[in-house]
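> Sharing a structure below in structure tokens format, with a few things to ask.
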Amino acid sequence: MNKQPIETARDCDLRLSFQAMQRAALSARALATQTGTALVVSRNGVIEHIRPQPELASPRTRASRSRSDGQSPP
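In our numbering, the protein residues as written are 165 to 238.
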């Protein structure tokens, strides 16, 4: 198994795959919130059903939390 960080991969798709997975997770959380369904996750080999919190799924909250410089997005 390759122990190098994925951010150093030569393939652009592979380098950006972590960010793509994060966007997909946010999208799944937003959809689950809108439809009132639980998310199914596996943590340490244990399958869990979790209810997403509405404030974490809104675009404004995500944008303000993702900015490390404290400024609001344009």
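In this text, a Cβ means the ideal position worked out from N, Cα and C, and glycines have one as well.
HIS213 and ALA196 look like a contact to me (Cβ under 8 Å); what is the Cβ gap, rounded to whole Å?
The Cβ separation is near 10 Å, so there is no contact.
> DSSP three-state label for LEU195, please.
Looking at LEU195 - three-state DSSP - the assignment turns out to be helix.
> Just checking my contact of ARG193 with PRO216 at CB under 8 Å: how many whole Å lie between their CB atoms?
At roughly 5 Å, the Cβ-Cβ gap stays under 8 Å, so ARG193 and PRO216 are in contact.
> Cα separation between ALA173 and LEU180?
The alpha-carbon atoms of ALA173 and LEU180 are separated by roughly 9 Å.
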